[in-house]
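Enquirer: Chains as they are written, first to last, in this note's numbering: chain A, 6 to 117; chain B, 29 to 139.
Using N, Cα and C, we set each Cβ at its ideal position, and we do this for glycine too.
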């Protein structure tokens, strides 16, 4: 059974804190993705990675960075959290040729 | 570049049909459909490839109109379990794996 796990379901941080969101997949997928989900805006791509140590910016990368040191793990970093980064964060992974994305359960981040 | 989904929301009675559209202003390579139930992760439904045939399973099917750069998801004889938010994810370049998702369509099926 395919599995994408995220380190926390709920997270509360203070403005200015450095925040790490972790995602792990057990399917040996090459591609991994970070999205944020806000009401009425759908799923917006922050960053994706198509191989270890490789990354590409998505549509809304400002204020975020990522790290992929191992194939199964993809981290999203908020260098200095701000209140407008309060959101639901979803991680996904996929593999060629189908490119079907498998999503984790999400992390609801609140920045106070 | 985000595809546009319509309608934004729809309410049905059990047994009624619904159509959700996903339109792009840019040429599409493929369209993926996902459903997200409240409090859960999005789950893959099906993929439509450029030049491919209409897909479907059970009472949910989809089509891809290359001329209009539009995909439509058809839900027939809806069941309570169909309730959720439906997203289309569009792929503009072949086999990059990168999807751009629409804003979602919320479907509520009532008894």
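Using a Cβ-Cβ distance cut-off of 8 Å, determine whether residue 131(B) contacts chain A.
Expert: Judged by the 8 Å Cβ criterion, residue 131(B) is in contact with chain A.
Enquirer: Which chain A residues sit within Cβ distance under 7 Å of residue 127(B)?
Expert: Per Cβ cutoff of 7 Å: 106.
Enquirer: Could you tell me whether the Cβ of residue 119(B) comes closer than 8 Å to any Cβ of chain A?
Expert: Chain A, which has a Cβ nearer than 8 Å to the Cβ of residue 119(B), makes this yes.
Enquirer: By DSSP's criteria, residue 69(A) is part of a beta bridge. Which residues make up the other side?
Expert: BP columns for residue 69(A) point to 83(A).
Enquirer: By how many angstroms is the C-alpha of residue 90(A) removed from the C-alpha of residue 115(A)?
Expert: Whole-angstrom Cα-Cα distance: 8 Å.
Enquirer: Given this structure, state the Cα-to-Cα distance separating residue 53(B) from residue 88(A), to the nearest angstrom.
Expert: Their Cα atoms are separated by approximately 33 Å.
Enquirer: Are residue 104(B) and residue 45(B) close, meaning C-beta to C-beta below 8 Å?
Expert: Closer than 8 Å, so yes.
Enquirer: Whose C-beta lies closer than 6 Å to the C-beta of residue 48(B) among residues of the same chain, with five residues either side of it excluded?
Expert: 101, 114 and 133, listed in sequence order.
Enquirer: Compare the beta carbon distance of residue 27(A) and residue 56(A) with 8 Å and say whether it is the shorter of the two.
Expert: Contact: no.
Enquirer: Taking C-beta to C-beta, are residue 77(B) and residue 111(B) nearer than 8 Å?
Expert: No.
Enquirer: Mapping DSSP to helix, strand and coil, what is residue 124(B)?
Expert: Three-state DSSP puts residue 124(B) in coil, outside helix and strand.
Enquirer: For residue 58(A) and residue 38(B), I'd like the C-alpha separation in whole angstroms.
Expert: Cα to Cα, residue 58(A) sits roughly 43 Å from residue 38(B).
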